[in-house]
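Down below is the structure, laid out as structure tokens.
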Amino acid sequence: MTTPPGSQPARDRGGASEAPRGRRRRADGPGAVAHRSSSRQGRTLTRRGMPLAVGLVASLLLTGCGAQVQKDAASGAEKTIENCGRTSTYPTPQKPVAYDVSAIEKMFALGLSDRMRGIVLPKTVSSVVEKSPYKEDYGKVETISDSVLGQEAVVSARADWVFAGWQAGFSEARGVTPDSLQDVGIQSYMQNETCKGYQGDTSEPGPLDATNQDLTDLGTIFGVADRAQQLVADLEAKRQKLKDEPRPKDPAKVFVYDSGTSEPYTAGRRTALNDMIELAGATSVSKDLDARWDTVGWESVVTKDPQAIVVVDYNKQPVQEKLDYLKNESPVKDSPAVKNGNIYVMDYGEAVSGPRNMDGARKLADYLRSKDLR
Numbered sequence: 001m002t003t004p005p006g007s008q009p010a011r012d013r014g015g016a017s018e019a020p021r022g023r024r025r026r027a028d029g030p031g032a033v034a035h036r037s038s039s040r041q042g043r044t045l046t047r048r049g050m051p052l053a054v055g056l057v058a059s060l061l062l063t064g065c066g067a068q069v070q071k072d073a074a075s076g077a078e079k080t081i082e083n084c085g086r087t088s089t090y091p092t093p094q095k096p097v098a099y100d101v102s103a104i105e106k107m108f109a110l111g112l113s114d115r116m117r118g119i120v121l122p123k124t125v126s127s128v129v130e131k132s133p134y135k136e137d138y139g140k141v142e143t144i145s146d147s148v149l150g151q152e153a154v155v156s157a158r159a160d161w162v163f164a165g166w167q168a169g170f171s172e173a174r175g176v177t178p179d180s181l182q183d184v185g186i187q188s189y190m191q192n193e194t195c196k197g198y199q200g201d202t203s204e205p206g207p208l209d210a211t212n213q214d215l216t217d218l219g220t221i222f223g224v225a226d227r228a229q230q231l232v233a234d235l236e237a238k239r240q241k242l243k244d245e246p247r248p249k250d251p252a253k254v255f256v257y258d259s260g261t262s263e264p265y266t267a268g269r270r271t272a273l274n275d276m277i278e279l280a281g282a283t284s285v286s287k288d289l290d291a292r293w294d295t296v297g298w299e300s301v302v303t304k305d306p307q308a309i310v311v312v313d314y315n316k317q318p319v320q321e322k323l324d325y326l327k328n329e330s331p332v333k334d335s336p337a338v339k340n341g342n343i344y345v346m347d348y349g350e351a352v353s354g355p356r357n358m359d360g361a362r363k364l365a366d367y368l369r370s371k372d373l374r
């Protein structure tokens, strides 16, 4: 479906979260474990419209999960993870499900595609598959839903573990949370980047560090710690190389454009993309925005006179529509970025938190250098 300029419906994605009405905020980033070692007593999960069949599936799931818990516990396979202020102990997941590109590709990067029950990949970002280095992995794993994360789809798939972010997958409004899943015997892990604000959690790791923590935790959970350690080391080596390169005395000012006409939707300081821009030798005009992804006023962008624009490309809206709008109608059409043709298109899979961030930062650094902005 194509979204015309000026229309910006709320969305829920690994890097972009479901935004509340009014001023929209994207709760982006790797999340946290929101598990409980035991279900809350007396809590009844109620959801309007939940089919009776789901209850039957849940009962079957609880029975199956119980058997697996006993099997794994007997073999000493239980893992204890601290995440988003919670400590959880559970067996190695046998039927894991990951939501959206950010969580999905962290699993793929660790070689876990053949161990996954499925993925939830919204059709609005499905274009990422063709450009992804993990295209083959996407082809191996069943897409159990092409919408936002929903409890019915996860339960029907008989998943035993779900990986998503807080308000970037998990959502109280839609009735799918770590607690609601725990009540039907499904464990979960929440992306660390999204921890802040979840049940009073105040942790605020750097977005790139949060990704490293996710990968490390996944290595522990799935018994591939050596693989995770090597991947994190490789990512850190790439980050250090970018840090060590000469940086301009006056870094170029970069505006991140996701979408929107009345107000642009952009990256705040708590996104991986903000850190990627810094690593590329530039600075984001919205670096002081205390959010992951949010809308801002055009004036705050125009007055910064951006020298380059990063356009996030995914298939909810054709990227050419975004480019045409920026060049011909937007308040920044007279900015140095537009006048000098300094508009860089970045794939969604590189822009959201994940294992492709370092390669995305490298490409952006090379682009800025080619434009004499680095």
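In the UniProt record's numbering, the protein residues as written are 1 to 374. Glycine included, each C-beta is placed from N, C-alpha and C at the ideal position.
| Check | Outcome |
| --- | --- |
| In whole angstroms, give me the CA-to-CA distance for residue 37 and residue 165. | In this prediction, residue 37 has a pLDDT of 32, which is less than 50 and means its spatial position is unreliable; nothing more can be read from the coordinates. |
| Using the three-state DSSP reduction, which class does residue 307 fall into: helix, strand or coil? | coil |
| Using 8 Å as the threshold, is the stretch 195-211 in touch with the stretch 118-126, meaning 3 or more CB pairs across them? | no |
| Assuming residue 243 is part of the alpha helix (DSSP H), what are its boundary residues? | 225-244 |
| Tell me the rounded alpha-carbon separation between residue 81 and residue 175. | 24 Å |
| Given a cut-off of 7 Å on the beta-carbon distance, is the pair residue 85 and residue 201 in contact? | yes |
| Report yes if the CB atom of residue 293 is closer than 7 Å to the CB atom of residue 267, and no otherwise. | yes |
| Taking the alpha carbon of residue 252 as the point to measure from, which residue in 348, 278 and 269 has its own alpha carbon closest? | 278 |
| If you follow the alpha helix (DSSP H) that residue 157 is in, where does it begin and where does it stop? | Note, residue 157: premise wrong, no alpha helix (DSSP H); not H, not E. |
| Around the C-beta of residue 260, are 16 or more other C-beta atoms found within 10 angstroms, so that it is buried, or is it exposed? | buried |
| Just how far apart, CA to CA, sit residue 205 and residue 255? | 23 Å |
| Assuming contact is defined by CB atoms lying nearer than 7 Å, are residue 160 and residue 241 in contact in what I supplied? | no |
| Report back the beta-carbon spacing between residue 311 and residue 348 to the nearest angstrom; my notes put them in contact at under 8 Å. | Going by Cβ atoms, the distance from residue 311 to residue 348 rounds to 11 Å, so no, they are not a contact pair. |
| In the structure shown, what three-state DSSP assignment does residue 357 receive? | helix |
| In the DSSP assignment, what residue or residues form a beta bridge with residue 201? | Paired residues: none, contrary to the question. |
| In whole angstroms, what separates the C-alpha of residue 370 from that of residue 342? | 10 Å |
| In chain order, what residues of the same chain have a beta carbon less than 7 Å from the beta carbon of residue 269, not counting five sequence neighbours either side? | 287, 288, 289 and 290 |
| Compute the Euclidean distance between the alpha carbons of residue 364 and residue 319, then round it to the nearest angstrom. | 17 Å |
| So who's on the other strand from residue 86, going by DSSP bridges? | 83 |
| Would you kindly report the start and end of the unbroken beta strand (DSSP E) that includes residue 102? | Segment 100-109 is the alpha helix (DSSP H) holding residue 102; no beta strand (DSSP E) there. |
| Starting from the Cα of residue 148, find the closest Cα among 92, 373 and 101 and give me that residue. | 101 |
| Between the Cα of residue 211 and those of 203, 232 and 179, spot the shortest distance and give me the residue it belongs to. | 232 |
| Under a Cβ-count criterion, where at least 16 other Cβ atoms within 10 Å of its own Cβ denotes burial, should residue 281 be classed as buried or exposed? | buried |
| Is it true that the CB of residue 110 sits closer than 7 Å to the CB of residue 227? | yes |
| For residue 327, collect the residues of the same chain with a Cβ closer than 7 Å to its Cβ; drop the 5 residues on either side in sequence, then sort them by chain order. | 333 and 338 |
| Measuring only the C-alpha atoms, how far is residue 103 from residue 335? | 36 Å |
| Please classify residue 248 as buried or exposed, where buried requires at least 16 other C-beta atoms within 10 Å of its C-beta. | exposed |
| Checking 7 Å against the spacing of the C-beta atoms, do residue 98 and residue 170 come in under that value? | no |
| Counting C-beta neighbours from all protein chains within 10 Å, is the total for residue 295 16 or more, i.e. buried, or is it exposed? | buried |
| Using the beta-carbon count (16 or more within 10 Å), is residue 106 buried or exposed? | buried |
| Just to confirm the assignment, what range does the alpha helix (DSSP H) spanning residue 276 have? | 272-279 |
| Is residue 304 close to the ligand FAD? I mean its beta-carbon at under 6 Å from any heavy atom of the ligand. | For the structure depicted, the ligand FAD is absent and the ligand set is empty, with no information on it obtainable. |
| Taking buried to mean at least 16 other C-beta atoms within 10 Å of its own C-beta, is residue 262 buried or exposed? | exposed |
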